[in-house]
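A short write-up of the structure that comes next.
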Amino acid sequence: MSELAQISPGCIPADPDISGVGIRASIYAQNFFALALAFFTMTDSKFTKTEARIVAIQSRMIILTGCALLLSAFVQAKTFGMSTYHAVVTLNLGWVNSSNTFLHLFLYYYNLFTSGTAQDDEEQTLSPSQSRDAAQGQSDLRNQDPAQGTVQSRRSFLERMSDFLEKNESEKILIVFEPAIIGSLHFTILSAFGLWFWGTFSTFGAQVQCQPNFPIPIQILGHTIMVTSPVVRKASLVIYSALVIPFFNLIPIIIALYAPVLFLCPCIPFFCFLLAYTSGPTAPRLFFYFWCTVILVMDIMIAVVTESMIQQVESVVQPGESRWTYGQTLALFLLCLPVVDFFYAIRELTKPERDRMRREIRRMRRMGMSRAGGTQVEEGTRPRHGLGQREERPSQDTNPFEREGDQLEEELDSFCGLPRLFLRGLRMRHRRLQQNLSQGEADAPAAPEASPRTSSPLGHRNPVSSQHNDINPDTSTS
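Note that the UniProt record's numbering has the sequence shown beginning at 1, numbered continuously upward.
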């Protein structure tokens, strides 16, 4: 910070099209929506082709936008010049956009470990013989030695990989892996820009800023590190050199992804045993949630480091950094597209569940109407009342299940575009209504067959006739 305090104000020219609040907010929000959509697709333990296609479209848009930003940075730095400060901001935003590449590699891993890429939209069921074989296999695995289970888990993983590659599922593989291929090109462009920046750091931006080798502070876990440090420069050159070659830059990510499966089995036998033989997709799904959490934490850390750096360097940047230019306004308007696509995707993914709930609501309303219809009386009849007994007019709503069903369906329509957290709450309420309905049918007394004009002993009203709304006390006899 002492080095930064010695620099005169206005040393760095303002460039709101790179570090403006609209650009940053647009990139952060797009990646957040993509990650939230990936979380949402795994809530039902299935990953269908429809879900894979929706996630791929969302991430492809973000990665292509990141490629356009990096290419624009190349052009601007080569023609008009770019300061060191804006180059660091560009690299940080590029790493945020690269998180979608990690996300699709994890989706690819999830489909690989569940023995298939994107499942079909129709649910697959096992025959009774297959179910018995699966149960027998799980029983044998529970009685297996842990050391032998380690070898079996590694062999099972390799067999799944070979079977997966031998299957003729090119279309499904393309749906999941195509954004990862585009992400590999994004890594190449990002690494090329990073190598150019760190390789020429001593002279980068000398034509636009007041001095070369500009000291920029970076806050990492509470520690301030200057970008002028030789350690930071060497580490950055090593990282970008490993990621600059197309398609080969995915190898370090894949190694880091499969390392817990291929190399940690001798150390943690129970981990591989659980990961390979857990019934259903629970273990791979938990592993996917773990890596998605890692991506979220990484994005949050990069965003915090970037925002902290912008606040510290604000004193030496010329006025106009917060000016709303054409680029910032366009970025915010373009943010509407992924937001609309996100809620449209949520609506499409919840459509089968919402249709099923509507059918249940209609069935519940029919049951309520049939129950209420059995207790209604004929129009024009008047019940008799006992002497001195005060008349009690029943409620106009003779079918509470009809009213409750209407209210539930209205709430379902209002929440149709929101995540399944709201739908789960509606399902709990629907289940409670069904329980009340079944309990009410069990406790309801049998309706008497007597005429509604007959009175009961001791002058009490007939409970069936009391539901009639048109009551004339003049016709009652003692």
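The beta carbon of each residue, even a glycine, is placed where N, CA and C say it ideally should be. It should be emphasised that the depicted structure is a prediction, and the values quoted were computed from it without experimental measurement.
It is roughly 10 Å from the alpha-carbon of Tyr344 to the alpha-carbon of Thr350.
The beta carbons of Gly81 and Val227 sit no closer together than 7 Å.
Ranked by how close their Cα comes to the Cα of Gly20, the residues Ile361, Glu348 and Arg323 have Arg323 in first place. For a cut-off of 8 Å, the C-beta gap from Leu103 to Ile27 is around 15 Å, too long to register as a contact. Scanning the stretch 210-259 for uninterrupted beta strand (DSSP E) segments of 3 residues or longer gives 217-220 and 223-226, listed from N- to C-terminal end.
Within the same chain, Cβ atoms closer than 8 Å to the Cβ of Val305 are found at Asn92, Ile218, Gln219 and Ile220, the five residues on either side in sequence being excluded. Val317 carries a strand assignment under DSSP once its states are collapsed to helix, strand and coil. Taking the Cα positions, Ala206 is about 31 Å away from Ser184.
Ile63 and Gly199 have their C-alpha atoms spaced approximately 25 Å apart.
When the five nearest sequence neighbours on each side are left out, the beta carbons in the same chain lying within less than 7 Å of the beta carbon of Ser308 are those of Gln219, in order along the chain. According to DSSP, Ile12 shares a beta bridge with Val317. Residue state for Gln207 is assigned as coil, using DSSP reduced to three classes. Considering only Phe197, Ile181, Gln311 and Phe247, the residue with the shortest C-alpha distance to Ala73 is Phe197.
Ser202 carries a coil assignment under DSSP once its states are collapsed to helix, strand and coil.
Contact check for Ile23 against Ala331 passes: the beta carbons are separated by less than 7 Å. Per the C-alpha coordinates, the member of Pro215, Gly222, Leu243 and Ala235 positioned closest to Ser191 is Leu243. Selection Leu195, Asp355 and Val339 evaluated against Leu237 yields Leu195 as nearest (Cα-Cα).
For Phe187, the closest of Gly66, Cys292 and Ile225 by C-alpha to C-alpha distance is Gly66. Taking the CA atoms as reference points, Gln312 sits about 17 Å from Ile18. Taking the Cα of Gln58 as reference, the smallest distance to any Cα among Leu71, Ala68 and Ala38 is reached at Ala38. In the structure shown, Ile27 adopts helical secondary structure according to DSSP, grouped into three states. Less than 7 Å divides the Cβ of Phe33 from the Cβ of Pro338. Contact annotation: Pro16 and Gln328 have beta-carbon atoms nearer than 7 Å. Each of Thr325, Val55 and Ile216 was checked against the Cα of Cys11, and the nearest Cα belongs to Ile216.
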